[in-house]
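Report on the following structure.
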Amino acid sequence: MPNTFKLMCTSLPSDEVLDNIIPRRFNPRLIELVNKYAPTPPKSDRTTRVWYNEEDTSVLFEYRDEGISLEARIVNAIYSYRDLFLKRTIDLNFFRHGLANLATSIMHKNPDLYSGIINLLRILGCDIVVFETPLLYEHSSQEIERSFKGLERILDIRHGVTSVVLKVRSKILNKPLPGKRIHIRYIVPTEKGKEEYSATTETDEKGEAKISASKYSILYVKLEGAKEEKKIIVGDREAVETLQFLDFKADILPILTITGLAGVLITILLLLFP
Numbered sequence: 112m113p114n115t116f117k118l119m120c121t122s123l124p125s126d127e128v129l130d131n132i133i134p135r136r137f138n139p140r141l142i143e144l145v146n147k148y149a150p151t152p153p154k155s156d157r158t159t160r161v162w163y164n165e166e167d168t169s170v171l172f173e174y175r176d177e178g179i180s181l182e183a184r185i186v187n188a189i190y191s192y193r194d195l196f197l198k199r200t201i202d203l204n205f206f207r208h209g210l211a212n213l214a215t216s217i218m219h220k221n222p223d224l225y226s227g228i229i230n231l232l233r234i235l236g237c238d239i240v241v242f243e244t245p246l247l248y249e250h251s252s253q254e255i256e257r258s259f260k261g262l263e264r265i266l267d268i269r270h271g272v273t274s275v276v277l278k279v280r281s282k283i284l285n286k287p288l289p290g291k292r293i294h295i296r297y298i299v300p301t302e303k304g305k306e307e308y309s310a311t312t313e314t315d316e317k318g319e320a321k322i323s324a325s326k327y328s329i330l331y332v333k334l335e336g337a338k339e340e341k342k343i344i345v346g347d348r349e350a351v352e353t354l355q356f357l358d359f360k361a362d363i364l365p366i367l368t369i370t371g372l373a374g375v376l377i378t379i380l381l382l383l384f385p
């Protein structure tokens with residue numbers, strides 16, 4: 112997508128979001144979007160089945176064409192993010208970033224729906240700043256829709272979604288690193304082979320992030336500022352992966368402080384005992 116963004120969020124306890132904010136404030140606004148953009152469509156029997164091969168493993172994927180609009184797909188994706196959060200399959204940060212990705216993808220196609228998603232983000236305690244990159248190529252509605260078909264696979268609880276917990280720690284002192292932005296690249300099988308879907312999230316105060324992934328799939332994760340991606344092969348249950356990062360505040364600054372104090376101590380000893 113041509114836009115990047117920054118989220119500025121207040122800290123909210125997950126239980127408060129689960130028990131109060133979502134049922135009392137989030138759901139009523141979501142229902143308004145459903146009534147406007149995603150009324151129940153007529154059912155379709157058009158089904159496509161695709162075998163996808165990756166590293167000597169074959170997986171059968173099924174796609175059902177429900178004949179719904181792009182806006183309806185986005186509203187359905189909001190529902191999926193919400194349901195995964197309610198099931199604790201994802202954390203609040205991934206939920207928030209998911210909505211932000213949806214908003215930036217539709218902001219030029221449907222400003223009214225964009226505003227509706229921004230209101231949902233504010234209910235979840237977030238403001239968003241969108242950075243417009245040079246528009247070298249404008250994605251067509253068909254390309255955006257195909258991308259969201261991939262997202263539906265990533266979020267589709269019925270077809271098997273599991274969690275991947277990413278623990279981000281400093282490389283030298285092994286400290287947890289909160290507030291670290293993570294870029295995620297999903298490999299998503301489609302009717303014509305495979306597509307990629309990109310997402311973002313960030314670590315919580317414990318230096319952890321909980322994201323969703325299709326069972327028996329492959330994804331790549333990279334910390335912002337890191338040079339290399341880490342490949343993760345997802346099985347049929349929750350996975351835990353540790354990412355290490357050389358961080359100035361967590362690794363270098365404490366070492367400089369210790370060596371600096373050591374230098375001061377040596378200087379005092381030399382003065383006392385010439």
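In our numbering, the protein residues as written are 112 to 385.
Beta carbons: idealized from backbone N, C-alpha and C, even for Gly.
Counting only the Cα atoms, Glu182 lies some 26 Å from Cys120.
Counting along the chain, Ser323 sits inside the beta strand (DSSP E) bounded by residues Glu319 to Ser325.
Taking 8 Å as the cut-off, the Cβ atoms of Leu203 and Ile268 do not count as close. Within the model, the alpha-carbon separation for Ala188 versus Asn138 is close to 14 Å. Gly318 is a Cβ neighbour of Arg280, given a cutoff of 8 Å. Judged by beta-carbon spacing, Ile239 lies within the 8 Å limit of Phe116, meaning their Cβ atoms are closer than that value. In the structure shown, Ile201 falls within a coil segment according to DSSP collapsed to helix, strand and coil.
Around the beta-carbon of Val351, fewer than 16 other beta-carbon atoms lie within 10 Å, marking it exposed.
If you look at Ile234, you'll find it in the alpha helix (DSSP H) that goes Pro222 to Ile234. With 16 or more other CB atoms across the displayed protein chains lying within 10 angstroms of its CB, Leu262 is buried.
Going by C-alpha positions, Lys260 is about 26 Å away from Glu335.
Restricting attention to Ser274, Pro287, Tyr297 and His208, the CA atom closest to the CA of Glu313 is found in His208.
Here the C-alpha atom of Ile295 lies approximately 20 Å from the C-alpha atom of Ile217.
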